[in-house]
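To convert, count from 1 in the sequence shown and add 891; that's my numbering. Yeah, the Cβ is synthetic: ideal placement off N, Cα and C, and Gly gets one too.
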Amino acid sequence: MSHSPIIDEIRKYREEYAARHDYDIDRICEDVRSRLQQSGRKVVSRKPRPAAKLKTRSAA
């Protein structure tokens with residue numbers, strides 16, 4: 892299976908980014924929050940919607 896150079900580049904960046912934060916998810920999330928705040932972009936949070944009810948099959 893061949894690899895896309897774009898996918899390889901993204902995976903390389905992701906690995907470098909995680910390594911810069913010692914693979915600590917809390918530090919990574921804090922960095923993302925900080926970048927979002929510094930970007931000045933508006934972030935919208937909405938209330939979660941209830942999940943749709945699934946139809947079940949009746950036993951025959």
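Rounded separation between residue i and residue j - CA only
i	j	result
Ile898	Pro941	35 Å
Arg924	Pro896	29 Å
Asp922	Arg948	46 Å
Tyr908	Tyr914	8 Å
Ser930	Arg905	20 Å
Ile916	Leu945	34 Å
His894	Lys903	13 Å
Cβ separation of residue i and residue j, assumed to be a contact under 8 Å, to the nearest whole Å
i	j	result
Ile919	His912	5 Å
Cβ pair residue i, residue j closer than 9 Å
i	j	result
Val935	Leu927	no
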